[in-house]
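Chains as they are written, first to last, in the working numbering: chain A, 40 to 343; chain B, 40 to 343.
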């Protein structure tokens with residue numbers, strides 16, 4: 040099985056819990072890839088960084104079996120940087136600074152050996168970049184997962200539509216679902232999206248869990264109630280990474296497999312948010328993941 | 040088994056879905072009682088109305104096996120009236136008018152034959168009224184359930200504390216949980232409440248479901264995703280009513296029974312919000328409840 044992940048590798052600076060981090064390792068490809076690694080994946084990464092990206096961070100990624108041959112290093116540019124502040128209830132955040140830097144010049148080149156992936160994960164990026172990757176593939180992937188956000192819905196709706204047409208599973212949040220479909224009923228909005236290409240839609244609700252819909256089925260996964268949320272950054276990407284890591288492992292893409300994948304994704308996301316940046320998931324043991332999965336099963340299991 | 044419900048019987052006027060109702064039947068005791076009836080309860084009601092309360096509404100309540108001997112009719116007073124407007128996304132509402140009327144004179148008298156209930160449900164009311172009912176009981180109930188709201192947390196904290204001390208299961212929403220415990224971490228806030236009397240806490244999250252906590256266990260029930268929410272009024276009370284109706288039926292109050300009760304409560308609440316006022320739950324068939332329970336099981340069931 041081969042798993043291709045397109046996304047950002049970035050510096051983040053996080054204000055949360057009365058603490059301000061330095062410039063730490065972040066980015067969607069980073070979280071997605073690390074989460075998938077914990078389920079046995081060796082993710083092939085398409086991304087871009089600047090000349091300032093330190094070797095120690097490359098080492099962290101390599102230690103999680105990242106194949107980095109598709110990561111471009113742009114000279115005379117800096118790495119994409121995001122600085123954000125979480126408010127006291129942790130559900131809201133303010134962006135303090137966004138410096139696109141090398142990301143603004145991202146013109147993905149897919150290495151030959153990556154051109155026939157089984158699974159493609161298109162992290163939240165300019166839809167033109169997402170399409171640029173799909174266009175370079177030699178074979179149609181078995182399963183394409185797409186993440187996006189309100190910015191692209193507003194600013195590049197037509198290109199995004201093209202991406203979504205080629206997507207098997209779209210992962211977005213509740214507000215984006217309503218916005219994309221221009222419908223205030225979440226379920227009607229979700230049904231509309233299922234007529235636009237994707238067989239499956241996962242609607243993320245942050246600390247309120249996630250709902251997956253197909254044409255005829257629905258399944259809901261709560262978020263694990265966490266006592267001390269330290270830093271929510273990367274929760275959504277960890278969720279997606281755990282999910283695709285599971286799909287990659289079982290090599291099945293039916294509704295039941297997606298349900299189980301969501302449990303893995305949610306469990307890993309719950310570990311991510313208990314530490315700053317990647318510190319917790321990068322060091323996560325198999326044992327702690329198993330324990331977390333058990334907590335999850337107890338949270339949702341009922342004999343009826 | 041005897042079930043005692045203390046709560047309001049009211050007139051509601053609802054603005055939702057581009058429609059304004061007339062003065063329709065509402066109130067917490069109404070919704071709780073009707074929901075419990077569908078699980079076989081014959082609820083004993085403590086409430087108050089004015090002289091303007093029409094016979095046709097008494098008939099609706101009697102048709103749902105309400106014992107109304109504890110409902111006081113205050114002459115020269117009107118029935119409690121609430122008028123509210125739901126905003127387009129249905130998760131927010133504005134109160135347009137609150138006329139306490141007879142409710143401001145509510146001094147509950149518990150009829151003799153109601154004084155040894157197995158289950159007591161204290162609907163959202165002035166804690167002094169809730170205490171007034173508990174003080175009149177001859178025996179300690181097997182299970183006491185309390186609902187309350189931010190207004191009482193702010194304005195009568197000491198009386199509320201007394202009520203909560205005598206409560207087995209407290210049902211409040213997420214904001215109220217944090218407010219009562221003065222803690223922004225929902226789980227820490229919940230744990231605090233479990234040191235104040237209740238063995239169980241249910242944290243309602245509206246369209247995002249509900250979490251039950253005991254000292255050592257947690258279980259989460261999503262809300263059923265509804266395509267057309269017509270009127271959310273009474274959803275929380277229908278949930279509580281379905282839950283206590285189930286507990287009343289099985290005569291058990293352990294964690295597993297509460298979990299199942301939450302499924303019944305959520306299923307009934309999902310039927311309530313698909314119509315204005317009580318029109319949908321008052322006419323609910325056993326068949327439609329069964330179908331709804333099945334939808335629910337499909338929404339949360341996973342083989343792991």
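Here a beta-carbon is modelled for each residue, glycine too, at the ideal position from N, C-alpha and C.
Here the structure is a predicted model, which means the values were calculated and not measured.
Straight-line Cα distance separating residue 207 of chain A from residue 44 of chain B: Taking the second chain and counting its residues from 1, the one referred to as residue 44 of chain B is at position 5. Taking the first chain and counting its residues from 1, the one referred to as residue 207 of chain A is at position 168. Their backbone Cα atoms lie some 50 angstroms apart in a straight line.
If distances are taken between C-alpha atoms only, which option among A/88, A/96 and A/117 comes closest to residue 111 of chain A? Sequence index remark: in the first chain, residue 111 of chain A carries index 72 (1-based). Among A/88, A/96 and A/117, the Cα nearest to that of residue 111 of chain A belongs to A/88.
Starting from the Cα of residue 136 of chain A, find the closest Cα among A/205, A/225, A/285 and A/122 and give me that residue. If you number the first chain from 1, residue 136 of chain A lands on position 97. Of the listed residues, the one whose Cα sits closest to residue 136 of chain A is A/122.
8 angstroms is my cut-off, CB to CB: does residue 223 of chain A come that close to chain B? On the first chain, position 184 is the one that residue 223 of chain A refers to. Cβ-Cβ to chain B under 8 angstroms: yes for residue 223 of chain A.
Would DSSP call residue 122 of chain B helix, strand or coil? Along the second chain, one-based indexing puts residue 122 of chain B at 83. DSSP places residue 122 of chain B in strand when its eight states are reduced to three.
Which same chain residues end up closer than 7 angstroms to residue 254 of chain A when comparing Cβ atoms and leaving out the 5 residues on each side of it in sequence? Working through the first chain from its first residue, we reach residue 254 of chain A at position 215. These residues qualify, in order along the chain: 233.
What separation, rounded to the nearest whole angstrom, lies between the Cα atoms of residue 220 of chain B and residue 226 of chain B? Taking the second chain and counting its residues from 1, one reaches residue 220 of chain B at position 181. Taking the second chain and counting its residues from 1, one reaches residue 226 of chain B at position 187. Near 10 angstroms, if we compare the C-alpha coordinates of residue 226 of chain B and residue 220 of chain B.
Give the list of continuous beta strand (DSSP E) stretches no shorter than 3 residues that lie fully inside the stretch 227-259 of chain B. 239-243 and 249-252
By the three-class DSSP mapping on this structure, what secondary structure does residue 83 of chain A have? Residue numbering aside, residue 83 of chain A sits at position 44 when the first chain is read from its first letter. If DSSP states are grouped into helix, strand and coil, residue 83 of chain A belongs with the strands.
So, using beta-carbon positions, are residue 270 of chain A and residue 314 of chain A closer together than 8 angstroms? Position 231 of the first chain, counted from the first residue, corresponds to residue 270 of chain A. Position 275 of the first chain, counted from the first residue, corresponds to residue 314 of chain A. Against a cut-off of 8 angstroms, the Cβ pair of residue 314 of chain A and residue 270 of chain A comes out as a contact.
Between the Cα of residue 149 of chain A and those of A/169, A/239, A/195 and A/143, spot the shortest distance and give me the residue it belongs to. As a first step, residue 149 of chain A is located in the first chain; it is residue number 110 there, counting from the start. Taking only the C-alpha atoms, the option nearest residue 149 of chain A is A/169.
For residue 180 of chain A, collect the residues of the same chain with a Cβ closer than 7 angstroms to its Cβ; drop the 5 residues on either side in sequence, then sort them by chain order. Locating residue 180 of chain A in the first chain gives position 141, counting from the first residue. 156, 157, 158 and 159.
So, residue 252 of chain A versus residue 236 of chain A, is the Cβ gap smaller than 8 angstroms? Within the first chain, the letter at position 213 stands for residue 252 of chain A. Within the first chain, the letter at position 197 stands for residue 236 of chain A. No, the pair does not count as a contact, with Cβ atoms beyond the cut-off.
Could you tell me whether the Cβ of residue 287 of chain B comes closer than 8 angstroms to any Cβ of chain A? Position 248 of the second chain holds residue 287 of chain B. With 8 angstroms as the cut-off, residue 287 of chain B does not count as an interface residue toward chain A.
Taking its Cβ as the centre, do 16 or more other Cβ atoms sit within 10 Å of residue 127 of chain A, making it buried, or is it exposed? Your numbering for residue 127 of chain A matches position 88 in the first chain. It is exposed - the Cβ of residue 127 of chain A has fewer than 16 other Cβ atoms within 10 Å.
Within its chain, find whatever has a CB closer than 8 angstroms to the CB of residue 202 of chain A; leave out the 5 residues flanking it on each side and keep chain order. Residue 202 of chain A sits at position 163 when you count from the first residue of the first chain. Within the same chain, residue 202 of chain A has close Cβ partners 161, 166, 169, 170, 173, 185 and 187.
Can you list, in chain order, the stretches of the beta strand (DSSP E) that have 3 or more residues and sit fully within the stretch 83-157 of chain A? 83-89, 106-113, 120-125 and 132-138
Counting pairs of beta carbons, one from the stretch 47-57 of chain B and one from the stretch 318-334 of chain A, are three or more of them closer than 8 angstroms? no
Which residues share a DSSP beta bridge with residue 77 of chain A? Here residue 77 of chain A corresponds to residue number 38 of the first chain, with the count starting at 1. None; residue 77 of chain A has no bridge partner.
Rounded to the nearest angstrom, what separates residue 176 of chain B and residue 151 of chain B at their Cα positions? In the second chain, residue 176 of chain B corresponds to position 137, counting from 1. In the second chain, residue 151 of chain B corresponds to position 112, counting from 1. Each residue's Cα considered, the two are about 9 angstroms apart.
Considering only the beta carbon of each residue, do residue 425 of chain A and residue 275 of chain A sit closer than 8 angstroms? The structure shown does not extend to residue 425 of chain A, since chain A spans only 40 to 343, so no value can be given for it.
Quick one: what does DSSP say residue 340 of chain B is sitting in, helix, strand or coil? Position 301 of the second chain, counted from the first residue, corresponds to residue 340 of chain B. Coil, per DSSP.
Could you work out which residues of chain A lie near residue 127 of chain B, taking near to mean beta carbons separated by less than 9 angstroms? Translated into the one-based positions of the second chain, residue 127 of chain B becomes position 88. Near residue 127 of chain B (Cβ distances below 9 angstroms), the residues of chain A are 223.
Residue 90 of chain B, buried or exposed, once every other Cβ within 10 Å from all chains shown has been counted against 16: Within the second chain, residue 90 of chain B is the residue found at index 51, counting from 1. Counting the other Cβ atoms within 10 Å of the Cβ of residue 90 of chain B gives fewer than 16, which makes it exposed.
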